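Engineer: Position 63 of the sequence shown, counted from 1, bears residue number 63 in the UniProt record's numbering, the numbering being contiguous throughout.
Below: one structure in structure tokens.
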Amino acid sequence: MTQRAAWGAYRGIADVLRRRVEDGTYPAGTRLPGEHTLSRELGATRNTVRRALNVLENEGLLVTVTGIGRFVRGATVEDTHPKYGRIAAELCAQIESGALPPGAVLPSEAQICARYGVSRFTAQQALRRLEAEGLVRCVRGRGRVVLPRRP
Numbered sequence: 001m002t003q004r005a006a007w008g009a010y011r012g013i014a015d016v017l018r019r020r021v022e023d024g025t026y027p028a029g030t031r032l033p034g035e036h037t038l039s040r041e042l043g044a045t046r047n048t049v050r051r052a053l054n055v056l057e058n059e060g061l062l063v064t065v066t067g068i069g070r071f072v073r074g075a076t077v078e079d080t081h082p083k084y085g086r087i088a089a090e091l092c093a094q095i096e097s098g099a100l101p102p103g104a105v106l107p108s109e110a111q112i113c114a115r116y117g118v119s120r121f122t123a124q125q126a127l128r129r130l131e132a133e134g135l136v137r138c139v140r141g142r143g144r145v146v147l148p149r150r151p
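Set out below in structure tokens:
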């Protein structure tokens, strides 16, 4: 169990983390370690670390992406979104551009895994997102097929 930090200790932790950003320990676009990891490393409670991280976020050094983590500002939106979201967005763009016309069969889960270097679960999530958006449907024996555009 960590010891209780002195009043205002979060400022000192914010300074330590700010120096790490400035000296390149955490370069732009880097995901910071989680609150638990930082609290163990810095010998402070999780709430104290959270307050320090909030200070840095308010200063504009960090950005929080819900469900993913905190990143040093400078990360592009693409870097901070889950891989399945980027894959789904790319396939969606191909559908909208006509590169994958209605009736076309999408790449299989195995092909997506190989192309993007992701797990089968990530490929499945990307394909499920397209199904949820009504862009494709699964046809037995064919795979996922692009649906005609809705008016």
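Note that CB positions come from ideal geometry on N, CA and C, so glycine has one too.
In this text the structure is predicted, and so the values were computed from the model without any measurement.
For Glu-133 and Val-63, what's the separation of their Cα atoms in angstroms?
Structural biologist: Reading the sequence shown from its first residue, position 133 is the one you call residue 133. Reading the sequence shown from its first residue, position 63 is the one you call residue 63. Their Cα atoms are separated by approximately 28 Å.
Engineer: To the nearest angstrom, how far is it from the Cα of Ala-88 to the Cα of Ala-110?
Structural biologist: Position 88 of the sequence shown, counted from the first residue, corresponds to residue 88. Position 110 of the sequence shown, counted from the first residue, corresponds to residue 110. For Ala-88 and Ala-110, the distance between alpha carbons rounds to 15 Å.
Engineer: Short of 6 Å in beta carbon distance, which residues of its chain neighbour Val-118, apart from the five on each side in sequence? Order them along the chain.
Structural biologist: Looking up residue 118 in the sequence shown gives position 118. Contacts found: Lys-83.
Engineer: Closest by CA to Ala-9, which one among Glu-59, Ala-126, Thr-25, Ala-44?
Structural biologist: Mapped onto the sequence shown, residue 9 falls at position 9. Of the listed residues, the one whose Cα sits closest to Ala-9 is Ala-44.
Engineer: Please state whether DSSP places Leu-61 in a helix, a strand or coil.
Structural biologist: On the sequence shown, residue 61 is found 61 positions in, with the first residue counted as 1. In the structure shown, Leu-61 sits in coil (DSSP, three-state: anything other than H, G, I, E or B).
Engineer: Short check: CB of Arg-70 to CB of Leu-32, under 8 Å?
Structural biologist: Locating residue 70 in the sequence shown gives position 70, where the first residue counts as 1. Locating residue 32 in the sequence shown gives position 32, where the first residue counts as 1. Cβ distance < 8 Å, so Arg-70 and Leu-32 count as in contact.
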